[in-house]
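A short worksheet on the structure shown next.
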Amino acid sequence: MKTLKTFRLWTLCPHCGRRNELHDGEAQPVNGDVSFCIKCGQFGIYDLGSARESRLRLPSLQEAEEVMADAYFREIRQTWLDLSI
Ligand SMILES: [Zn+2]
5 MKTLKTFRLW TLCPHCGRRN ELHDGEAQPV NGDVSFCIKC GQFGIYDLGS ARESRLRLPS
65 LQEAEEVMAD AYFREIRQTW LDLSI
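Per my numbering, the very first residue in the sequence shown carries number 5; after that it's consecutive.
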């Protein structure tokens, strides 16, 4: 089981534009880490070093496939779907 901490870090979802202020993870996110938006249920990729104000970008097709192949991320998405009904 992963031990998660909550970090204050604002981001803008690259899918819906929601401003998210917290990041739950084992450590501060680094470039390439995955973010999950609690509004739209989509995944974004951290891109902290770029000029992107959002700090997140859309995943590439390969990244999206890797995320959905990961049981941990599938569980997050399923839990969000279950709570959204
Ligand atoms: Zn979103």
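Glycine included, every Cβ here is placed at the ideal spot set by N, Cα and C.
Exercise. Provide the residue(s) that pair with residue 50 in DSSP beta bridges, ordered along the chain.
Key: Stepping through the sequence shown from its first residue, residue 50 is reached at position 46. According to DSSP, which records beta bridges pairwise, residue 50 is partnered with 60.
Quiz prompt | For residue 8: DSSP bridge partner residues | solution = Position 4 of the sequence shown, counted from the first residue, corresponds to residue 8. The partner list for residue 8 (beta bridge, DSSP) is empty, contrary to what the question assumes.
Practice problem: Consider the C-beta atom of residue 27 and the heavy atoms of ligand 1; say whether any pair is separated by less than 7 angstroms. | Solution: For the purposes of this step, residue 27 is taken as residue 23 along the sequence shown, with counting starting at 1. Here the distance from the Cβ of residue 27 to the nearest heavy atom of ligand 1 is not below 7 angstroms.
Quiz item: Looking at the structure shown, is residue 70 part of a helix, part of a strand, or coil, going by DSSP?
Solution: Stepping through the sequence shown from its first residue, residue 70 is reached at position 66. Reduced to three states, the DSSP call for residue 70 is helix.
Quiz prompt | residue 23: CB within 7 angstroms of a non-hydrogen atom of ligand 1 | solution = The sequence position of residue 23 within the sequence shown is 19, counting from 1. Not under cutoff, so the answer is no.
Quiz item: Exposed or buried, residue 47, counting other C-beta atoms within 10 Å across all chains shown (16 or more means buried)?
Solution: Stepping through the sequence shown from its first residue, residue 47 is reached at position 43. In this structure residue 47 is buried. Its beta-carbon is surrounded by 16 or more other beta-carbon atoms within 10 angstroms.
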